[in-house]
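Visitor:
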Amino acid sequence: MRQYAQHVECWLGGQCVLSLPRARPAQGQRVGRAIDYRHLVGALKRKPGAFARWVLRDAAFPRAVYRQTWERLISERPEREACKTMVGLLVLAADGHEAQLAHELDQLMALDQLPDLNALTQLLAPPTGEVPQVVVTLPTLASYDVLLEVAL
Numbered sequence: 077m078r079q080y081a082q083h084v085e086c087w088l089g090g091q092c093v094l095s096l097p098r099a100r101p102a103q104g105q106r107v108g109r110a111i112d113y114r115h116l117v118g119a120l121k122r123k124p125g126a127f128a129r130w131v132l133r134d135a136a137f138p139r140a141v142y143r144q145t146w147e148r149l150i151s152e153r154p155e156r157e158a159c160k161t162m163v164g165l166l167v168l169a170a171d172g173h174e175a176q177l178a179h180e181l182d183q184l185m186a187l188d189q190l191p192d193l194n195a196l197t198q199l200l201a202p203p204t205g206e207v208p209q210v211v212v213t214l215p216t217l218a219s220y221d222v223l224l225e226v227a228l
């Protein structure tokens, strides 16, 4: 690892594999934090109840609407259900739907509704294409015998 004033680089075998801007401490903090929720969502998925008291929770929201959704969920639903829903939303966001999910959450906030994780999962799921039915007809062994007779 190489640390510079503005960024940090991670090297593997003489090749730079990761370069990130250096985290600066926010006002009132001693240490700067740069949290990427995508790196942590796998562990949260296994234990979603830990989200409520997670020390890095506030730094892990990818956009402001996710934080607002969390605040509404925790105030209107039981903690266990709120945690499970919020971690599910972060999993969807990490799967490449962050912007579209943020738009959907904005719309739900405007309508004063809480998100339904199952409905959002179905909405963001890739479209299912129809697979054509393929019928393979195998030739009989007698047809090969005919080919052998013609060749002789």
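Using the working numbering, you'd call the opening residue of the sequence shown number 77 and step up by one each time. Where a beta carbon is used, it is the ideal one built from N, C-alpha and C, also for glycine.
Counting pairs of beta carbons, one from the segment 149-156 and one from the segment 107-122, are three or more of them closer than 8 Å?
Guide: Too few Cβ pairs lie closer than 8 Å, so no.
Visitor: State yes or no: is the C-beta of Glu147 nearer than 7 Å to some heavy atom of the ligand MN?
Guide: You won't find the ligand MN in this model; it holds no ligand whatsoever.
Visitor: Name the one or two DSSP bridge partners that Val84 has.
Guide: For the purposes of this step, residue 84 is identified with residue 8 of the sequence shown, where counting begins at 1. DSSP output for Val84 lists Gln79 and Leu96 as bridge partner(s).
Visitor: Using the beta-carbon count (16 or more within 10 Å), is Tyr80 buried or exposed?
Guide: Here residue 80 corresponds to residue number 4 of the sequence shown, with the count starting at 1. Classification for Tyr80: exposed.
Visitor: What did DSSP end up calling Gln183 once you bin it into helix, strand or coil?
Guide: Locating residue 183 in the sequence shown gives position 107, counting from the first residue. Three-state DSSP puts Gln183 in a helix.
Visitor: With three or more C-beta pairs closer than 8 Å as the rule, is the segment 134-145 touching the segment 163-171?
Guide: They touch, by the three-pair rule.
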